[in-house]
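Visitor:
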Amino acid sequence: MTRRTLRDLPPGALDGKRALVRVDFNVPLAADGSVADDTRIRATLPTIKYLREHGARVVLLSHLGRPKGSPDPKLSLRPVVRSLEKLVGAPVEFIADPVAGAAATRRLPRGGVAVLENVRFWPGEEQNDPEFARTLAALGDFYVNDAFGTAHRAHASTEAVAHLLKPAVAGFLVERELRYLGEALERPVRPFVAVLGGAKISGKIDVIEALLPRVDQILIGGAMASTFFLAVDFGVGQSLVERDKVDLAKALIARAGSKLILPRGAVVAPSLARAAERREVACDQIPSDYAVFDIDEATRLDFRAHILRAKTVFWNGPMGVFETPPFDQGTRAVGDALVEAGKRGAVTVVGGGDSAAAVRGLEARFTHVSTGGGASLEFLEGKTLPGVAALEAA
Ligand code: ADP
Ligand code: MG
């Protein structure tokens, strides 16, 4: 799905024009209402900076949380405006009402920036309502979508508005997502290794199915591996498993053949709280009163060796309960192996909400860390993302 991007627009199409930009400012807020983590705001800066430098007036749209179509003061974008002002080093105007706001957008100076209140305060947003989309469209002269994380939703600010305001193009963040989740993984430099983990197979079946024909190897970790262990008749004790997915795991093993690599062993403990009693066991020796919480050292080394031989690596899903050290070590080892592979010239792509959280602060060491969460997985599954489809073809 190659899309026209901001870079494709002639400079004259930007100068003095109002750029209506859908961004993802769905940031975590601290108890005092301030922005707890500005990663997503910083991710939009290249697009905002480019527009300002080319004389555009920048009007930003985003949702925050799930206010269910009516105003919720706790989910206002006002705190984001303060963060954004610091990051762009310029005043940012706040538009509380989209109807009255059109006049304010016309008064913005060239290079000026405004943020509309949380679009989900209005019911028309999630209904993809054409009327609400028209209200939004009146806030700009052309449209840019830089919110990959909501591109899998057909909402007024991601889909309907893109049909009303032309040109409708991808921002730099969406452009990167399409390049690295799309082209790089569709026509990968080989060997192509995928590393999949996380809690459940059920949420990842379509990703596994989509990746299997493309990859040279698929390494499985996380709780997902335990369902595969059951499929080969290993006991998994108290581990998190999906017993109703064992047949599916069997079918995947049969289809994948030697492409599918399971852990050799696991770090097990009686419970997360009893980490002091943890030990490493071979994957066919999991005690009945213990649960798997991470991949073991032998698996880390094995996975590392596979990853270092790859020229393209895609990673989704933690290898263990990384939120609770010491069960983060397998996840860290895989992250380190990707970084090492990247230094040796491999393209390394990380996708998924928890996986991105696991490498927070280290993003620059990977070729691409998707900000997409659910959207990145749907994209990999080959699904059409309405917010991307609505943009002009390149
Ligand atoms: P992503 O958001 O990157 O797609 P998932 O949501 O699929 O990843 O999975 C992340 C969750 O999987 C984490 O909360 C992690 O604690 C959990 N997890 C990983 N391994 C295990 C395990 N062995 N037992 C229980 N939970 C696990
Ligand atoms: Mg998750």
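Counted from 1, the sequence shown has number 514 at position 130 by this note's numbering; the numbering is strictly sequential.
All C-beta atoms, glycine included, are put in the ideal place defined by N, C-alpha and C.
Should Lys727 go down as buried or exposed, given a rule of 16 or more other Cβ atoms within 10 Å for buried?
Guide: Against the sequence shown, residue 727 aligns to sequence position 343. Classification for Lys727: exposed.
Visitor: Out of Arg648, Gly621, Gly449, Phe532, state which residue places its alpha-carbon closest to the alpha-carbon of Phe687.
Guide: Counted from its first residue, the sequence shown places residue 687 at position 303. Closest option to Phe687, Cα to Cα, is Arg648.
Visitor: Around the ligand MG, which residues pass a check of Cβ closer than 5 Å to any of its heavy atoms?
Guide: Taking each Cβ in turn, the ones that pass are Gly737, Asp738.
Visitor: To the nearest whole angstrom, what separates the beta carbons of Asp392 and His438, a pair I think is in contact under 8 Å?
Guide: As a first step, residue 392 must be located in the sequence shown, where it is residue number 8. As a first step, residue 438 must be located in the sequence shown, where it is residue number 54. About 13 Å separates the two Cβ atoms, so there is no contact after all.
Visitor: Once DSSP output is grouped into helix, strand and coil, what is the label at Phe618?
Guide: Position 234 of the sequence shown, counting from 1, holds the residue named residue 618. In this structure, Phe618 counts as coil in the three-state DSSP scheme.
Visitor: Report the CB separation of Thr542 from Pro482 in whole angstroms; it is logged as a contact under 8 Å.
Guide: Position 158 of the sequence shown, counting from 1, holds the residue named residue 542. Position 98 of the sequence shown, counting from 1, holds the residue named residue 482. Contact doesn't hold; Cβ gap of about 15 Å is too wide.
Visitor: Contact defined as beta carbons within less than 8 Å: I believe Leu557 pairs with Thr431. What is the distance between those atoms, to the nearest angstrom?
Guide: Counting from one through the sequence shown, the residue named residue 557 turns up at place 173. Counting from one through the sequence shown, the residue named residue 431 turns up at place 47. Contact holds; Cβ gap of about 6 Å.
Visitor: With burial defined as no fewer than 16 other Cβ atoms inside 10 Å of the residue's Cβ, what is the status of Leu685: buried or exposed?
Guide: In the sequence shown, residue 685 corresponds to position 301, counting from 1. By the neighbour-count rule (16 or more Cβ atoms within 10 Å), Leu685 is not buried but exposed.
Visitor: Would DSSP call Gly449 helix, strand or coil?
Guide: The sequence position of residue 449 within the sequence shown is 65, counting from 1. Of the three classes helix, strand and coil, the one that applies to Gly449 here is coil, per DSSP.
Visitor: Should Phe478 be counted as a contact of the ligand ADP given a C-beta to heavy atom distance under 7 Å?
Guide: As a working mapping, residue 478 is identified with position 94 in the sequence shown. Every heavy atom of the ligand ADP is 7 Å or more from the Cβ of Phe478, so no.
Visitor: Considering only the alpha carbon of each residue, which of Lys643, Gly417, Arg462, Val665 lies closest to Pro475?
Guide: The residue labelled residue 475 in the question sits at position 91 within the sequence shown. Of the listed residues, the one whose Cα sits closest to Pro475 is Arg462.
Visitor: Figure out for me which residue from Val577, Val442, Arg662, Phe409 has the closest Cα to the Cα of Val734.
Guide: Within the sequence shown, residue 734 is the residue found at index 350, counting from 1. When each option's Cα is compared against that of Val734, the closest is Val577.
Visitor: Would you say Phe706 touches the ligand ADP, meaning its beta carbon is less than 7 Å from a heavy atom?
Guide: Position 322 of the sequence shown, counted from the first residue, corresponds to residue 706. Correct: Phe706 has its Cβ closer than 7 Å to the ligand ADP.
Visitor: Among residues of its own chain, excluding the 5 on either side of His464, which ones have a beta-carbon nearer than 8 Å to its beta-carbon?
Guide: Along the sequence shown, read from residue 1 onward, the residue named residue 464 stands at position 80. Reading off the sequence, residue 464 comes out as Val, not His. Once the five neighbours on either side are set aside, the close Cβ partners of Val464 are Phe409, Val411, Val419, Ile425, Ser446, Leu448, Val499.
Visitor: DSSP three-state label for Thr768, please.
Guide: In the sequence shown, counting from the first residue as 1, residue 768 sits at position 384. Reduced to three states, the DSSP call for Thr768 is coil.
Visitor: Whole-angstrom Cβ separation of Val652 and Arg639, contact assumed at under 8 Å?
Guide: The sequence position of residue 652 within the sequence shown is 268, counting from 1. The sequence position of residue 639 within the sequence shown is 255, counting from 1. With 8 Å as the limit, Val652 and Arg639 do not qualify as a contact, their Cβ atoms being about 29 Å apart.
Visitor: Can you determine whether any heavy atom of the ligand ADP sits closer than 7 Å to the C-beta of Val676, and answer yes or no?
Guide: To locate residue 676, count along the sequence shown from 1; it is residue 292. Yes.
Visitor: Do you know offhand how far Phe612's Cα is from Ala568's?
Guide: On the sequence shown, residue 612 is found 228 positions in, with the first residue counted as 1. On the sequence shown, residue 568 is found 184 positions in, with the first residue counted as 1. Straight-line Cα distance between these residues: approximately 28 Å.
Visitor: So for Val676, helix, strand or coil by DSSP?
Guide: Translated into positions along the sequence shown, residue 676 becomes position 292. Strand.
Visitor: So Gln713 is in the alpha helix (DSSP H); what residue range does that whole segment cover?
Guide: Within the sequence shown, the letter at position 329 stands for residue 713. Element bounds for Gln713: 713 to 727.
Visitor: Scan the stretch 480 to 548 and note each continuous beta strand (DSSP E) run of 3 residues or more that stays entirely inside, going in chain order.
Guide: Runs found: 497 to 500, 526 to 529.
Visitor: Along the chain, where does the alpha helix (DSSP H) that runs through Ile796 open and close?
Guide: The shown model of the chain, from 385 to 778, leaves out residue 796, and the question about it has no answer.
Visitor: Which same chain residues end up closer than 6 Å to Asn700 when comparing Cβ atoms and leaving out the 5 residues on each side of it in sequence?
Guide: On the sequence shown, position 316 is the one that residue 700 refers to. So the list reads Leu580, Gly735, Gly736, Ser739, once near-sequence residues are dropped.
Visitor: From this set, His752, Glu561, Pro575, Leu429, which residue's C-alpha is nearest Leu769's C-alpha?
Guide: The residue given as residue 769 occupies position 385 in the sequence shown. Minimum Cα distance to Leu769 is reached at Glu561.
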